[in-house]
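The block underneath contains the structure these notes are about, expressed in structure tokens.
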Amino acid sequence: MKKLLVSVFTAMAATVILAGCGSNVSGESPSSGSKTYTIGIGQFADHGSLDNCREGFLLGLAQEGFVEGENLTVLYDNAQTDGSIASQINTNFAARKVDLICGIATPMAQSAYGVGKKNNIPVVYTAVTDPVAAQLAGADGTPAGQITGTSDMLPVQQQLEMIRAILPDAKTIGILYTTSEVNSASTIAQYNLLAPDYGFTIVESPISSSADVSLAADSLVSKVDCITNLTDNTVVASLPIILDKANAQNIPVFGSEIEQVKIGCLAAMGLDYIELGKQTGRMAAKILKGEAQASELNYETVKEASFYANTKAAENLGISLPESLTASAKEIFTDITAD
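Taking the working numbering, the leading residue of the sequence shown gets 6, the next gets one more, and so forth.
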């Protein structure tokens, strides 16, 4: 009988030890458990700000214990501003049975949501200017379904204040935008609403695809005192063309984030897209950990914009940047880098 009891207790102890080794105890890094995850990252266009979002997203996940090559497999693809390719990318992610899809930029996020809804896959997005207009969230910020993420809504009022400080005599601001991108339509509405308060008139130049950019830029630079960029993916992907056209006519071009300033825009009141991506990665981690469903997380925004400037662009244009702006700049570039 004594031998039997010893055997029973030994077996029970072994069971407890094995159970402890196999479980992912709450509070531990997911990498300490045996479960691995596969996510799909779909990016709508190939340009610096969206690349920064992707980099930040993976950093945010890593901060929460989801490390690519350890317990995380990452599938990545880029639609190159083609909506039909975006749909194919997300359909492929679903076929690979990913645990989560990340859609970078509005068109990719919309496509990911449609595919995710049909296949019961949660979606997070980043660099979506207006989640409400994109029908990804309600007016109160609540998710439309199993989808959440971060918005890169531009600080339009601060941008207008900056342009007025740099160009005190300017009257017209040109904006190129893609008619199919709801994020651009939403931001232009804000510009048209606020521009008169700063003595500006907005001149819009709509395009359908990247093939239209060159002619649209030629036309726009003949009508305006300066150009400001949105987070329009098709336009930003073609920014070097716009800069060439504008520089030839000595027309300043303002960016909407740091990467645009690096490659030759004069200045921007912009967002830090790596930080935006990190914020999104932390939200995705909550979903993967099972701490929350995507439908329970309202979309989030970056609260503060920073001033970025390019003194080489200013020199080329014969413009002096006011000290009231440069003194508080987050970063000032002294050269123009190739895109």
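Even for Gly, the Cβ is constructed at its ideal location relative to N, Cα and C.
When you compare each of Val120, Ile109 and Thr41 to asparagine 97 by their alpha carbons, which one comes out closest? Val120
Within 10 angstroms of the Cβ of glutamine 115, are there 16 or more other Cβ atoms? Answer buried if so, exposed if not. The residue is buried, with at least 16 neighbouring Cβ atoms inside 10 Å.
For valine 72 versus isoleucine 44, is the C-beta distance shorter than 9 Å? no
Can you tell me which of the three DSSP states serine 311 falls into? In this structure, serine 311 counts as strand in the three-state DSSP scheme.
Does the Cβ-Cβ distance between alanine 149 and tyrosine 130 come in under 9 Å? no
Residues bridged to leucine 77 [DSSP beta-bridge criterion]: Tyr42 and Glu73
So, for threonine 155: in the same chain, excluding its five sequence neighbours on each side, which residues have a beta-carbon less than 6 Å away from its beta-carbon? So the list reads Thr131, Leu281, Gln284, Thr285 and Glu305, once near-sequence residues are dropped.
How big is the Cα-Cα spacing for isoleucine 152 and asparagine 95? 14 Å
Taking the alpha helix (DSSP H) that alanine 149 belongs to, which residues open and close that run? No alpha helix (DSSP H) holds alanine 149; DSSP gives it neither H nor E.
Which whole-angstrom value describes the C-beta separation of aspartate 135 and serine 224, a residue pair presumed to lie in contact below a C-beta threshold of 8 Å? 27 Å between Cβ atoms; not a contact.
Give a yes or no on whether the C-beta atoms belonging to serine 261 and valine 229 are separated by under 9 Å. No, these two residues do not count as a Cβ contact at 9 Å.
Can you find the residues in the same chain that come closer than 7 Å, C-beta to C-beta, to threonine 111, ignoring five residues on each side of it along the sequence? Around threonine 111: Val133, Thr134, Ala139, Glu186, Val187 and Asn188.
In whole angstroms, give me the CA-to-CA distance for leucine 105 and glutamate 309. Inter-residue distance for leucine 105 and glutamate 309 is about 28 Å (C-alpha atoms, whole angstroms).
Does DSSP classify methionine 158 as helix, strand or coil? Under the three-state reduction of DSSP output, methionine 158 falls in the coil class, being neither helix nor strand.
For the region 162–175 against the region 329–341, do three or more pairs of beta-carbon atoms, one drawn from each stretch, fall closer than 8 Å, so that the two count as touching? yes
With a threshold of 8 Å on Cβ separation, who are the neighbours of valine 218 within its own chain once the five nearest residues in sequence on each side are excluded? When the five nearest sequence neighbours on each side are left out, the beta carbons in the same chain lying within less than 8 Å of the beta carbon of valine 218 are those of Leu181, Ile212, Thr239, Val240, Ser243, Ile246 and Ile247, in order along the chain.
Quick check on the burial criterion: 16 or more other C-beta atoms within 10 angstroms. Buried or exposed for arginine 101? exposed
For the region 263–270 against the region 81–91, are there 3 or more C-beta pairs whose distance is under 8 Å? no
For glutamine 254, does the count of other Cβ atoms within 10 angstroms reach 16, so buried, or fall short, so exposed? It is exposed - the Cβ of glutamine 254 has fewer than 16 other Cβ atoms within 10 Å.
Which ranges would you report for the beta strand (DSSP E) in the region 157–238 if only whole runs of at least 3 residues count? 177–183, 206–212 and 231–233
State the Cα-Cα distance for the pair lysine 291 and glycine 47, rounded to the nearest angstrom. 20 Å
Among the residues of its own chain, which have a CB less than 8 Å from the CB of threonine 41, if the five just before and after it don't count? Asn76, Leu77 and Thr78, listed in sequence order.
Between Leu63, Glu69, Asp340 and Val226, which lies nearest to valine 208 when the distance is taken from Cα to Cα? The residue with the shortest Cα to Cα distance from valine 208 is Val226.
Ranges of the alpha helix (DSSP H) found wholly within the region 247–317, counting only runs of at least 4: 263–267 and 278–294
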